[in-house]
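Only one structure is covered here, and it is reproduced in the block below.
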Amino acid sequence: MIAMRFLLSNDDGIEAPGLVALATELAKLGEVVVVAPEREMSGAGHSFTRRFPLKIRPVRLPVAGAGVKGYATTGTPADSVKLGLYLLHREVDWVISGLNGGRNAGVDVFYSGTVAAALEGAIDGFPSAAFSLDLQDYPGEPRWAEAAALAREILESLIAQREKLPKRVCLNVNIPNLPRAEIRGIKVTRQGLQRYEDYFEVREDPFGERYYWLTGLAVSEDEERETDLEGLRGRWITITPLGIDLTDYQLLKELQGWGLKLKLKKGSSAR
Ligand code: MN
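In terms of this note's numbering, the numbers along the sequence shown are unbroken and rise by one, the last being 1608.
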């Protein structure tokens, strides 16, 4: 296999054990440049920094062997990928994100910094994948090393067929937090549609001012089958291809038939 150069990021921060585990495995396939937020930014979504400068500093990651360079940024996951691509002159074969502590399935993909980091690579035209460890369905001690090895194996078979990968898609991979022997295999699924029942803990700070702490409970409302969430519950590793285009094509066609109009002044050519 030809050596690859991976740009690796995450949203759990540069010191996260899942990132270190994935860097360790990716190093077996080639060169790894880690550019990741200096602190945890889970839930950062695809936000980027516009009104503040970004800084970057080298970090020695606890990864055995050479071929892994680490950089911590003051930015978000998307900032980190943008900065990484810029500093590497876009000489990157894959943009990888993870391994996240917690699944990113269903509507999580809108909030997840892990998925956003991979999507950022996809927007820029690079093959990309996000890896997350499902600790919600399978709580307990996270099996970072085992899951990262599975992620590397999946990547190896993707790399072997990478010519077939279209541009501007990101592969969203979720791995159950289970011993390898208990995982049933890989299922390619669509994105599920669970949502969160938002809940705020209301407390008071030492100055008597009220504050709100967001927590939430995942509620599955999905009647359709073959989703990432269903696959994970069934002990499968799920792969969901995510596109950049959020257009609902069915509604687009219907809306065009609604005859939406404005009352425009006479003489205007616009309908
Ligand atoms: Mn995270």
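Every residue gets a Cβ at the ideal spot worked out from N, C-alpha and C, and that includes glycine.
Quantities reported herein were computed from a predicted structural model and do not represent experimental measurements.
Subject >> Per-residue burial, ILE1512 [other beta carbons within 10 Å of its own, 16 or more giving buried] >> reply: buried
**OP:** In angstroms with no decimal places, state the Cα-to-Cα distance between GLU1546 and PRO1476.
**Re:** 35 Å
Original post:
Considering only residues of the same chain and omitting the five flanking positions on each side of LEU1420, which have a CB-CB separation below 7 Å?
Top reply: VAL1372, LEU1391, ILE1393, THR1410 and GLY1412
Subject >> Inter-stretch contact (C-beta, 8 Å, three-pair minimum) for the region 1373-1387 and the region 1465-1483 >> reply: no
Subject >> Residues near PRO1479 in its chain [Cβ-Cβ closer than 8 Å; skip 5 each side] >> reply: PRO1354, GLY1355, GLY1438, LEU1470, LEU1472 and ASN1514
Original post:
Is the region 1423-1441 touching the region 1519-1531, taking contact as three or more C-beta pairs under 8 Å?
Top reply: Short answer: they don't touch.
Original post:
With 16 as the cutoff for other CB atoms within 10 Å, does VAL1556 come out buried or exposed?
Top reply: exposed
Subject >> Between the CA atoms of ARG1505 and GLY1367 - distance to the nearest angstrom >> reply: Whole-angstrom Cα-Cα distance: 23 Å.
**OP:** Reducing DSSP to helix, strand and coil, say where LYS1524 ends up.
**Re:** In the structure shown, LYS1524 adopts extended strand secondary structure according to DSSP, grouped into three states.
**OP:** Check whether the Cβ of ASN1514 lies closer than 8 Å to any heavy atom of the ligand MN, and answer yes or no.
**Re:** no
Subject >> Segments of 4+ residues assigned as alpha helix (DSSP H) that fall wholly inside the region 1381-1447 >> reply: 1414-1424
**OP:** Just tell me which of LEU1436, ILE1433, VAL1370 and TYR1549 has its CA closest to the CA of GLY1404.
**Re:** Of the candidates LEU1436, ILE1433, VAL1370 and TYR1549, the one whose C-alpha sits nearest the C-alpha of GLY1404 is VAL1370.
Subject >> GLY1458, DSSP secondary structure in three states >> reply: helix
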